[in-house]
Amino acid sequence: MTNDGHFAHGLAGDHLEPDWPPLTWEEVAAAIARVPSSGELRSIDWRSPRPLSAAALATTGKGRVFVKRHHRSVRDEGTLLEEHRFAAFLREAGVPVPRILHDPDGSTVFGAEDWVYELHEPARGVDIYRDAFSWSPIGGEGHAFAAGSMLARLHSAAEAFAAPQRRTHILVARADILSSEDPLATIATQLRERSALARYLGERDWRDEIGAAIAPWHTRVAGALAGQPRLWTHGDWHVSNLCWSGPEDDARIVDVLDFGLCAATFALFDLATAIERNAIAWLEVEREDIARHELALAIVAGYRSVRPLDAEALDVLANLLPIVHLDFALSEVEYFEGVTRRRDHADVAYHTFLRGHAAWFAGPHGLALLEAIRSAA
């Protein structure tokens, strides 16, 4: 594959040739032409380094447009529309989300052969984390507090959104396995329809390996998870998906981006995901002392400034945190094994992400972070 000098973020904090070819002038122009009101393409100004799709910012005769492309094996028209409906609902409810552009018939999803495209207005503000890796901590406590507060606003708005669960498991942050009474039995049931995941897990003693990783935590939290109110959630609440009023630590969030991982889960799931994404330096895990307590507590404090959390909820949050990544880790295994055919990346998702993150929480630094969260009550 020729990448024209463009590289994507790798799984180890490195830069690699992308799995998906960069957006070309011809296809960006064709996608923009589907929305005549956006004007004609004049330049492609930036290509995203995010690895799971291809995206770019372009300038047209009437302004700037954000263009994103997915392979049909990852998102088709129907599954992409699920994201658009949720994002549009939140925008109407007052959450700052860039407007999704539509063609004269009202469609926001544009298919062409093996690809599916979407167009958005450019985000407002400063995209200060644009080049940050997904597993890198927030820059400061002010940003962490703002991130927690905005997440709580999003959850309050989402309470009125009703839709069925996502129709796909591929690269979606669901919590079906996590919330089940018997996660291993739920995985076994799902494997009947998830052939790539079944192929990968079938080559190893996955019941013992996954069971050893999650059982100590799931036993503590299973009863509480069963009673969590269902809520559509963002699923990837990292600061690289937020745009800011400026680079200062007291900056405001002015736009919320990327609902690609959204699904029907529950509020504490999204909050735990936010802590895991933003307050632990996973790319430096070899030094073990990677937890940023002040960032985790600032996220929680920001959230509680909008939506109350009592001591019981914080205890659930702490017990949930070591295994919150379970469903998504398996979705990544399925994606790398069945879509990009990168067994090496599937191994990272399974061993480093799924098993490794859970194991880190059983060590002294992980346990100290969980106790700090409980103590926030």
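Position 143, counted from 1, in the sequence shown is what the UniProt record's numbering calls 143; the numbers after and before it change by one each time, with no gaps. Just so you know, even glycine gets a beta-carbon here, dropped at the ideal spot from N, CA and C.
Nearest-angstrom beta carbon gap, residue j and residue i [assumed within contact, 8 Å]
{"i": "Ala163", "j": "Arg85", "result": "7 Å"}
{"i": "residue 402", "j": "Leu225", "result": "One cannot answer for residue 402 here, as it falls past the ends of the chain, which runs 1 to 377."}
{"i": "Gly235", "j": "Thr186", "result": "Actually they do not touch by this definition, with Cβ atoms about 19 Å apart."}
{"i": "Leu23", "j": "Val67", "result": "6 Å"}
{"i": "Val35", "j": "His102", "result": "7 Å"}
{"i": "Ile280", "j": "Ala264", "result": "25 Å between Cβ atoms; not a contact."}
{"i": "Thr59", "j": "Arg47", "result": "Thr59 to Arg47, Cβ: 14 Å. No contact."}
{"i": "Gly61", "j": "Glu40", "result": "5 Å"}
Cα-Cα separation, residue i to residue j
{"i": "Arg307", "j": "Asp255", "result": "20 Å"}
{"i": "Ala31", "j": "Val116", "result": "9 Å"}
{"i": "Arg341", "j": "Ala349", "result": "13 Å"}
{"i": "Glu141", "j": "Thr233", "result": "23 Å"}
{"i": "Phe7", "j": "Ala29", "result": "Any reading at Phe7 must be qualified, since the residue scores a pLDDT of 39, below 50, and its modelled position is unreliable; no value is offered."}
{"i": "Glu337", "j": "Leu197", "result": "7 Å"}
{"i": "Asp76", "j": "Ala56", "result": "19 Å"}
{"i": "Phe145", "j": "Arg204", "result": "42 Å"}
{"i": "Gly13", "j": "Arg192", "result": "Unreliable placement is indicated for Gly13, whose pLDDT of 48 sits below 50; the coordinate value is still reported in the next sentence. Looking at the two C-alpha atoms, the distance is approximately 34 Å."}
{"i": "Arg374", "j": "Gly78", "result": "40 Å"}
{"i": "Glu312", "j": "Leu370", "result": "13 Å"}
{"i": "Glu118", "j": "Arg220", "result": "42 Å"}
Beta-carbon proximity of residue i to residue j, cut-off 7 Å
{"i": "Asn339", "j": "Tyr200", "result": "What sits at residue 339 in the sequence shown is Val, not Asn. Contact flag unset, no."}
{"i": "Cys262", "j": "Glu83", "result": "yes"}
{"i": "Trp237", "j": "Trp135", "result": "no"}
{"i": "Leu90", "j": "Val109", "result": "no"}
{"i": "Trp25", "j": "Ala54", "result": "no"}
{"i": "Glu288", "j": "His365", "result": "yes"}
{"i": "Ala175", "j": "Asp327", "result": "yes"}
{"i": "Ser331", "j": "Ser149", "result": "no"}
Residue i versus the options, residue with shortest Cα-Cα distance
{"i": "Ser73", "options": "Ala313, Leu367, His169 and Arg292", "result": "His169"}
{"i": "Trp206", "options": "Leu369, Asp347 and Asp258", "result": "Asp347"}
{"i": "Asp208", "options": "Pro183, Ala222, Ile44 and Gly111", "result": "Pro183"}
{"i": "Gly260", "options": "Glu286, Ser38, Arg69 and Glu40", "result": "Arg69"}
{"i": "Val285", "options": "Gln228, Pro137 and Leu314", "result": "Pro137"}
{"i": "Gly302", "options": "Glu40, Glu113, Arg153 and Arg50", "result": "Arg153"}
Residue-chain proximity (residue i, chain C), Cβ-Cβ < 7 Å
{"i": "Ser37", "result": "The chain labelled as chain C is not found in the depicted structure, where only one protein chain is given."}
With a cut-off of 8 Å, do at least 3 Cβ pairs link the segment 92 to 105 to the segment 149 to 157?
yes
Quick check: the segment 352 to 372 against the segment 204 to 213, are at least 3 beta-carbon pairs closer than 8 Å?
yes
I want to know whether the segment 320 to 333 touches the segment 357 to 373 - three or more CB-CB distances under 8 Å.
yes
Segment contact, 8 Å Cβ cut-off, at least three pairs: the segment 135 to 149 with the segment 297 to 304
yes
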